[in-house]
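Worksheet for the structure shown next.
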Amino acid sequence: MTRDDSDSAHDPGAVGAGAEVGEEYRHMSEEAFGEGPVGPIILDEAVTVDVTDVAPELADPEVVAEIVAPTREIDTPLGKPLVELRDVTVRFGGLVALDTVTFDINRGEILGLIGPNGAGKTTCFNAMTGVYRPTSGTVGFDGQVLGKLKRNQITRLGIARTFQNIRLFSEMTALENVVVGTDARHRTSVPGALFRVPRHRHEERDAIDRGMALLEFVGIGAKATEKSRNLPYGDQRRLEIARALATEPKLLCLDEPAAGFNPAEKAALMDLIRKIRSDGYTVLLIEHDMRLVMGVTDRIVVLEFGKKIAEGLPSEIRDNPSVIAAYLGVPDDATA
Amino acid sequence: MTAPLNERPKGGVGDGFRSWWNAQSRVAQWAFGVPFILLLALLPLLNIPLLTTEGTNFGTVMAQFGMYALIAIGLNVVVGQAGLLDLGYVGFYAVGAYTVALLTSPNSPWNQTGEGGWLSSSWAWLACLPIAVAITAMSGLILGSPTLRLRGDYLAIVTLGFGEIVRLLADNLDEITGGGRGLSQVAYPRLGVAEDFPLGVFSAGNVGKTLNSGVWWYWVSIVLIVVVLMFVGNLERSRVGRAWVAIREDEDAAEIMGVPTFKFKLWAFVIGASIGGLSGALYAGQVQFVVPTNFNVINSVLFLCAVVLGGQGNKLGVILGAFIIVYLPNFFLGRTEILGIPVDGSSIAEYKYLFFGIALMVLMIFRPQGLIPVRQKLLTYGRELYVAARRRSKETAAPANPSAEVAK
Numbered sequence: 001m002t003r004d005d006s007d008s009a010h011d012p013g014a015v016g017a018g019a020e021v022g023e024e025y026r027h028m029s030e031e032a033f034g035e036g037p038v039g040p041i042i043l044d045e046a047v048t049v050d051v052t053d054v055a056p057e058l059a060d061p062e063v064v065a066e067i068v069a070p071t072r073e074i075d076t077p078l079g080k081p082l083v084e085l086r087d088v089t090v091r092f093g094g095l096v097a098l099d100t101v102t103f104d105i106n107r108g109e110i111l112g113l114i115g116p117n118g119a120g121k122t123t124c125f126n127a128m129t130g131v132y133r134p135t136s137g138t139v140g141f142d143g144q145v146l147g148k149l150k151r152n153q154i155t156r157l158g159i160a161r162t163f164q165n166i167r168l169f170s171e172m173t174a175l176e177n178v179v180v181g182t183d184a185r186h187r188t189s190v191p192g193a194l195f196r197v198p199r200h201r202h203e204e205r206d207a208i209d210r211g212m213a214l215l216e217f218v219g220i221g222a223k224a225t226e227k228s229r230n231l232p233y234g235d236q237r238r239l240e241i242a243r244a245l246a247t248e249p250k251l252l253c254l255d256e257p258a259a260g261f262n263p264a265e266k267a268a269l270m271d272l273i274r275k276i277r278s279d280g281y282t283v284l285l286i287e288h289d290m291r292l293v294m295g296v297t298d299r300i301v302v303l304e305f306g307k308k309i310a311e312g313l314p315s316e317i318r319d320n321p322s323v324i325a326a327y328l329g330v331p332d333d334a335t336a
Numbered sequence: 337m338t339a340p341l342n343e344r345p346k347g348g349v350g351d352g353f354r355s356w357w358n359a360q361s362r363v364a365q366w367a368f369g370v371p372f373i374l375l376l377a378l379l380p381l382l383n384i385p386l387l388t389t390e391g392t393n394f395g396t397v398m399a400q401f402g403m404y405a406l407i408a409i410g411l412n413v414v415v416g417q418a419g420l421l422d423l424g425y426v427g428f429y430a431v432g433a434y435t436v437a438l439l440t441s442p443n444s445p446w447n448q449t450g451e452g453g454w455l456s457s458s459w460a461w462l463a464c465l466p467i468a469v470a471i472t473a474m475s476g477l478i479l480g481s482p483t484l485r486l487r488g489d490y491l492a493i494v495t496l497g498f499g500e501i502v503r504l505l506a507d508n509l510d511e512i513t514g515g516g517r518g519l520s521q522v523a524y525p526r527l528g529v530a531e532d533f534p535l536g537v538f539s540a541g542n543v544g545k546t547l548n549s550g551v552w553w554y555w556v557s558i559v560l561i562v563v564v565l566m567f568v569g570n571l572e573r574s575r576v577g578r579a580w581v582a583i584r585e586d587e588d589a590a591e592i593m594g595v596p597t598f599k600f601k602l603w604a605f606v607i608g609a610s611i612g613g614l615s616g617a618l619y620a621g622q623v624q625f626v627v628p629t630n631f632n633v634i635n636s637v638l639f640l641c642a643v644v645l646g647g648q649g650n651k652l653g654v655i656l657g658a659f660i661i662v663y664l665p666n667f668f669l670g671r672t673e674i675l676g677i678p679v680d681g682s683s684i685a686e687y688k689y690l691f692f693g694i695a696l697m698v699l700m701i702f703r704p705q706g707l708i709p710v711r712q713k714l715l716t717y718g719r720e721l722y723v724a725a726r727r728r729s730k731e732t733a734a735p736a737n738p739s740a741e742v743a744k
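In order, the protein sequences belong to chains A and B. Taking my numbering, I'd label the letters of the first sequence as residues 1 to 336. Taking my numbering, I'd label the letters of the second sequence as residues 337 to 744.
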């Protein structure tokens, strides 16, 4: 994997709860790549674009962050529960994938959702984003109950997600992928597009501006005109995040965004997640990598066999005996 | 090291032309485009020996090509862009043709051109055109709203059924559609009436050598194709076109990214249907005679063949596909020799389905994306970005890696 991580490595926003863990990773990355800065390695000379050619103002990271920042009204005040899961149960036939799970996601925080394989993390995710309907229990979101809303309506309401296994629109360019995300906030339909009414033209310009800013924000602005299937794996993951952010979510859900990443890439991803939060987004993170979760999250919810077994600050979770038991198993003499 | 990351579909000629074309300004594109379209329009009058058809009139063949091109553009919206396999597209073609026929044929119980009707005989066809489009759009809506909940093969089978239902209805509703006898004397634009052409230039009776009715209909269809292409292009470079491609690529992901997939699939169906209906109305006017046998399932397959052959998703590609489908059999028809080589052209034309089948199989092996593969532009204002990208890539590629230019 040859990718240029130097941008995000020098990101000033990388101070916070888990910065020291990030440092640890960065140290490892230096071990992996040798001393000195990792120079940009151009894999393909064909299609790279200098974002500043098209939009000079995007040269300033602060301007980029400002364009990317959410502009929509959120009813929930900062620090208050944005999402409220109440006794959510999901059954598949006889299998109880999620059993009366109750927790909140506060606005402005990064909440980690962890658990061993098959604990119900992704099911929980799917119950929130409308892929599955909870068998019982309710999911409240920004003062509204997500009852029978369709998946696309939930997205437009403000929950966006990425996928555990990357699901980009592979024949589209990176920018087009992101613009599909921005379309969620657009209102032009067929008649408007057919006759190119002013609103359509306005929305199209807007979509490209915001799309380029988003790509720049996640660090792949130069690949804007590349087909997404031709992007390296790490960039595809970043593109998924950009596409989800394009829908201007109130809550961004990341489903194992670090799967298949090496330590250097994980460090860069942690920086990116923090950057997203400091830009005003609320983040729900499902992740296996303990170091990453402990380093980046504000609070953690632990699931095992569909049940919530713990909830608290990363330091509390680290020392929680039932979490340790869930992950490492209980010694035989302890159960006997 | 050649980078496999930036792989492109094979076929450098088209790519070279395409990047040249995309680099031109809008004005330059029109300056090249308009004369080219005019040249295409004048093709039947030029009578180029190797191009013209011998067994049938070349003008008539080109008129048929115009209709097939419209159909291919419409079907391309459904199959190529939104990725919904529609095997009953001929049904919409039939609905369009029968709408015009039912409103204007003296055999029809709903004829409106006679006494007491609200259609004057000289403008009847033109007045029926929007009606036919509206009714086919509605039939697309009626077919689409229950069936578009299905996916893939299931949808294909249901649409196949729809095409057959329309044909069987036309065949069996004797009192209305005339059954197997069909509806004759359908209206057509009565223009250019002169001593030589007592019924106008669009009449099927105008069988002059070069400037016959076929050429006139060909010109009408060219105008319609250009208009339809502009509208479809507008849609493609908008939220709608992106939604279609997103649905084609990954319907679930599209839904979760906030695309109302059902709504946009329905729109694709309705738009595809109305273009098919438009073509059907053209057909009814040109032939002036509508019978159910013209709307067999095999025609649906032929339309689909044009789309796949030309390149799914590529508006211009599918027009080429339509040209091949219509022109090649007619080219061979009645020919006994090509460039001095004796051939039995008529029997080649007779086995056209066999040859199209073989051609499709060969194509699927060597060029599955079609003759002119799709390279969609999905952003209205994406031009400057792509031009900037290309300019920059040339600048960076040239000094750093001069061999890249040679390799092209």
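All C-beta atoms, glycine included, are put in the ideal place defined by N, C-alpha and C.
Where DSSP assigns a beta bridge to F141 of chain A, which residues make up the other side?
A:V83, A:Q144
Are the CB atoms of L439 of chain B and C464 of chain B nearer to each other than 8 Å?
yes
Could you tell me whether the Cβ of M172 of chain A comes closer than 8 Å to any Cβ of chain B?
yes
Between the Cα of L527 of chain B and the Cα atoms of B:A506, B:R517, B:W552, which residue gives the shortest distance?
B:W552
Can you have a look at Y689 of chain B and say buried or exposed, based on whether 16 or more other CB atoms are within 10 angstroms of its CB?
exposed
Can you tell which of A:V293, A:P321, A:K307, A:R277 has the C-alpha that lies nearest to the C-alpha of L78 of chain A?
A:R277
Is the distance from the Cβ of G612 of chain B to the Cβ of G432 of chain B below 8 Å?
yes
Start-to-end residues for the alpha helix (DSSP H) that takes in K275 of chain A:
263 to 278
Given a limit of 9 Å on CB to CB distance, which residues of the stretch 309 to 335 of chain A reach chain B?
none
Excluding the 5 residues flanking F103 of chain A on each side, which residues of the same chain have their C-beta closer than 7 Å to its C-beta?
L85, V301, K308, E311
Residue range of the beta strand (DSSP E) that F103 of chain A falls in?
95 to 106
Anything in chain B within Cβ reach of E66 of chain A, meaning under 9 Å, just list it in chain order.
Near E66 of chain A there are no residues of chain B at all, since even the closest Cβ is about 21 Å away, more than 9 Å.
By the 10 Å Cβ neighbour count, where 16 or more other Cβ atoms means buried, how is K651 of chain B classified, buried or exposed?
Per the 10 Å Cβ criterion, buried.
The stretch 383 to 401 of chain B contacting the stretch 591 to 604 of chain B, beta-carbon criterion three pairs below 8 Å
no
V415 of chain B beta carbon less than 8 Å from that of L406 of chain B:
no
Could you run through the stretch 553 to 570 of chain B and flag, in chain order, every residue whose CB is less than 7 Å away from some CB of chain A?
Within the stretch 553 to 570 of chain B, the qualifying residues are F567, N570.
Measure from the C-beta of E31 of chain A to each C-beta in chain B and report whether the shortest distance is under 8 Å.
In this prediction, E31 of chain A scores a pLDDT of 42, lower than 50, which makes its location untrustworthy; no coordinate-derived value is stated.
If the cut-off is 9 Å on Cβ atoms, which residues from the stretch 573 to 596 of chain B count as contacting chain A, listed in chain order?
Going along the stretch 573 to 596 of chain B in chain order, one finds R573, S574, R575, V576, G577, R578, A579, V581, A582, R584, E585, D586, D588, A589, A590, E591, I592, M593, G594, V595, P596 with a Cβ nearer than 9 Å to chain A.
Leaving aside the five residues before and after Q164 of chain A along the sequence, list all residues of the same chain whose C-beta is less than 6 Å from its C-beta, in chain order.
D255, E256
So what does DSSP say about E35 of chain A, is it helix, strand or coil?
In this prediction, E35 of chain A scores a pLDDT of 40, lower than 50, which makes its location untrustworthy; the coordinate-derived value is nonetheless stated afterwards. If DSSP states are grouped into helix, strand and coil, E35 of chain A belongs with coil.
How about G402 of chain B: is its C-beta nearer than 8 Å to some C-beta of chain A?
So, not an interface residue.
Proximal residues of chain A, C-beta to C-beta of W603 of chain B below 7 Å
V190
Could you check if D87 of chain A is buried or exposed, using at least 16 other CB atoms within 10 Å of its CB as the buried criterion?
Using a 10 angstroms sphere on the CB of D87 of chain A, the tally of other CB atoms stays under 16, which defines it as exposed.
Report buried or exposed for A470 of chain B, applying the criterion of at least 16 other Cβ atoms within 10 angstroms of its Cβ.
exposed
As an exercise, report each continuous beta strand (DSSP E) stretch of at least 3 residues that is fully enclosed by the stretch 110 to 177 of chain A, in chain order.
110 to 114, 136 to 141, 159 to 161
Segment limits, alpha helix (DSSP H) that includes A310 of chain A:
From DSSP, A310 of chain A is part of no alpha helix (DSSP H) but of the beta strand (DSSP E) over 307 to 312.
Give the residues of chain A in contact with L406 of chain B, contact being defined as C-beta atoms less than 9 Å apart.
Simply none; closest approach about 17 Å.
Under 9 Å by beta carbon: chain B residues contacting H202 of chain A:
None at all; the shortest Cβ gap to chain B is about 11 Å.
Chain A contact residues for L715 of chain B, given Cβ-Cβ distances below 8 Å:
L175, E176, V179, E204, A207, I208
Please return the same chain residues whose Cβ sits closer than 6 Å to the Cβ of L477 of chain B, not counting the five positions on each side in sequence.
V606
What distance in whole Å lies between the Cβ atoms of D183 of chain A and V595 of chain B, which are believed to be in contact at a cut-off of 8 Å?
7 Å
Hey, quick one: how far does the beta strand (DSSP E) through T597 of chain B stretch, first residue to last?
Note, T597 of chain B: premise wrong, no beta strand (DSSP E); alpha helix (DSSP H) at 597 to 623.
By the three-class DSSP mapping on this structure, what secondary structure does I300 of chain A have?
strand
Check the Cβ of H186 of chain A against every Cβ in chain B and list those closer than 9 Å, keeping chain order.
What H186 of chain A touches in chain B: R575.
Return helix, strand or coil for G347 of chain B, following the three-state DSSP convention.
Any answer about G347 of chain B is weak, because its pLDDT of 46 lies below 50 and its placement is not dependable; what the coordinates show is given next. Coil, per DSSP.
Taking only the alpha-carbon atoms, compute the straight-line gap between R584 of chain B and L491 of chain B and give it to the nearest angstrom.
14 Å
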